[in-house]
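Note that the working numbering numbers the sequence shown so that position 457 is 561, with each residue one more than the last. Here a beta-carbon is modelled for each residue, glycine too, at the ideal position from N, C-alpha and C. Each remark here refers to the structure printed beneath this line.
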Amino acid sequence: MTRRLPREPLIAIIGATGTGKSQLAVELATRFNGEVINGDAMQLYAGLPIITNKTTLEEQKGIPHHLLGCIGLQEPTWVVGTFVNKALKVIEEIRGRGKLPVLVGGTHFYTQSLLFRDGLTGQDARGGGLEEGIELGAEHVDLPLLQQPTETLLAELKKVDPVMAERWHPRDRRKIRRSLEIYLKTGRTAAEVYAEQRRHSKGKSAASNPDEGNGAVSNEQSMRFPTLLLWVHAEQSLLRERLNVRVDQMLEAGLLEEVRTLNAYADAEAAADRPVDETRGIWVSIGYKEVKDYVQALQSGETSEKKLQYLKQNCTGKTKDSTRQYAKRQVRWIRSKLINSLPSSNNLYLLDGSDNSTFDTAVIDPAVELTSSFLTAQPMPDPSSLSSAAAELLQPARLHYDSSVPAPERWTKQHCEVCDVICAVESQWWQHMGSKSHKKAVSKSRQRDGWAHSGLVIGDKPVAGDGAREGEKAVEHP
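Here is the structure:
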């Protein structure tokens, strides 16, 4: 089958922090007349190159970089919609100059939302994916607000998305947190996101993509552009050591000074009656919250040397732990979220960068060959054939939910006042209503208060207990 040249191609480089994504992006942009677009939420902020781990001017090698250091410290992290709109404009401008856009960054829900037309993408549109699937991605832009007690999360959710707040059981932390997370990351309620995804799903046709086989996904309505995805991966134990070394280097390079800068900025804003929200934006970046106490102790001049040594070791350990956990979450997002959303895996190639000493031959050289073949419509290899790591990791970690069952639309949680039980799922409610414990409680309640009925109502229908009087009929299960 003759393949066509991809129209409006895009190269997207993904992977965990510390794997060399930025280096690869610069190499490909250099060889294929491209420009780089940043897809990392923390690198949007101006300054603070160590905390945000920006590429230096030397590392950029003269290649234009966009959406890098473009917002002030006082600004909140961009929600998905803002990032997508800004990135699409930059992509159009790059193509207008006759160049190739190369997207790179570790905030993978940014990347995925840009790649797919469906906003938060394919799996979620099938009904329940965002509710019942994996995490939306607890990346380092995730808000400490989401770590607050469940009661606090529910109160916040009631403010911004009362529909979803009414749906969930007040102790169902996972679902409450997810609905709030959707709002914080997209600026839209979960109900709005689900409704739009259903509209997209219903309106999709089976039109084929003329660029099929060029490394582009075969469903043109799923992907915005013909896209070659390059996943730079490193084996976990080797990456762990690499990240530990990087944290040590960050401390040596001036991390403490950047934290002092942020502290001074926060103090100045507080003095001007504009206190910063340390649960959002740059303030939740890895390196600030972990090191803050140590820097404050140093500045106070009142902390013993022994205590300072303890604080230094503690902050170093916490920064390393946070960085490693972030890297794991990035990989989990790719395997459980991104791969599952791709109609075809033939556009995603894993490059094994576990060994830094062979990065050129194991990552850059094959990436150059793949990009060349993709852009010129040459035959593309089987993604799983590149390495044993590719064969293993390109198998998706499937979501554990039945996509054929739509998310509940009309059901809201019900409260059994007799038993003081709240049921957020309709089937659980009817199971409770038919349980021996409920019937026993209803019977005791009637005996105690002389009720003829349990007093429970579903809609406008009374529900009788097991001792309903002759002529009364208990509500049957639907």
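For residue i, three-class secondary structure by DSSP
i    : result
E521 : coil
A205 : Here residue 205 turns out to be Pro, not Ala, going by the sequence shown. Looking at P205 - three-state DSSP - the assignment turns out to be strand.
D456 : strand
C174 : coil
L342 : helix
F329 : coil
G358 : coil
G210 : coil
L446 : coil
A120 : coil
F478 : helix
G138 : strand
L334 : strand
L114 : strand
L109 : coil
Alpha carbon of residue i to alpha carbon of residue j, nearest angstrom
i    : j    : result
E218 : R328 : Per the sequence shown, the amino acid found at residue 218 is Leu instead of Glu. If I take the Cα positions, the gap works out to 8 Å.
D377 : E179 : 16 Å
Q532 : R271 : 13 Å
K540 : E521 : 16 Å
R292 : E339 : 37 Å
Q400 : L355 : 15 Å
A466 : S491 : 10 Å
T547 : Q535 : Note that residue 547 corresponds to Ser in the displayed sequence, not to Thr. Cα to Cα, the separation comes out at about 17 Å.
Y369 : L152 : 12 Å
G202 : T290 : 31 Å
E409 : D425 : 24 Å
G138 : E260 : 43 Å
S126 : P487 : 22 Å
P274 : L284 : 13 Å
N460 : A120 : 15 Å
V380 : W335 : 36 Å
R111 : S476 : 14 Å
L128 : Q164 : 11 Å
E496 : F463 : 20 Å
A295 : L288 : 13 Å
Q49  : H170 : With the chain covering 105 to 582 only, the question about residue 49 has no answer from this structure.
A191 : N157 : 20 Å
S404 : T383 : 24 Å
E473 : V188 : 29 Å
V264 : T181 : 18 Å
For residue j and residue i, believed in contact at Cβ under 8 Å, the rounded distance
i    : j    : result
I175 : A150 : 7 Å
L161 : A471 : Not a contact, Cβ separation roughly 23 Å.
L204 : I141 : The pair is not a contact, with the Cβ atoms about 11 Å apart (cut-off 8 Å).
H337 : T123 : 6 Å
L207 : I117 : 7 Å
I386 : T427 : That belief does not hold up - the Cβ atoms of I386 and T427 are roughly 16 Å apart, past 8 Å.
L452 : L333 : 4 Å
L498 : L454 : 6 Å
L343 : A431 : 6 Å
A481 : R108 : 6 Å
F213 : V184 : 6 Å
T254 : R277 : 4 Å
L177 : Q147 : About 13 Å; that fails the 8 Å criterion.
I155 : T134 : No, I155 and T134 are not in contact; Cβ-Cβ is about 27 Å, not under 8 Å.
S445 : Q252 : Their Cβ separation, rounded to whole angstroms, is 30 Å, which puts S445 and Q252 out of contact at 8 Å.
G143 : T211 : 6 Å
CB contact check: residue i to chain D, cutoff 9 Å
i    : result
S326 : Looking at the structure shown, chain D is missing, and only one protein chain is on hand.
- Query: Quick one: complete alpha helix (DSSP H) runs, 4+ long, within the region 251-289?
  - Reply: 254-264, 266-271
- Query: Does the region 391-398 touch the region 356-370, meaning 3 or more C-beta pairs lie closer than 8 Å?
  - Reply: Because the criterion of three Cβ pairs below 8 Å is met, the region 356-370 and the region 391-398 touch.
- Item | Stretch pair the region 412-431 + the region 189-203: three plus CB contacts closer than 8 Å | Of all C-beta pairs linking the region 412-431 to the region 189-203, fewer than three are shorter than 8 Å, placing the two stretches out of contact.
- What residue ranges within the region 140-195 form continuous beta strand (DSSP E) runs of no fewer than 3 residues, ordered along the chain? none
- Mind listing, in chain order, the continuous alpha helix (DSSP H) runs of no fewer than 4 residues lying wholly within the region 343-427? 359-375, 392-404
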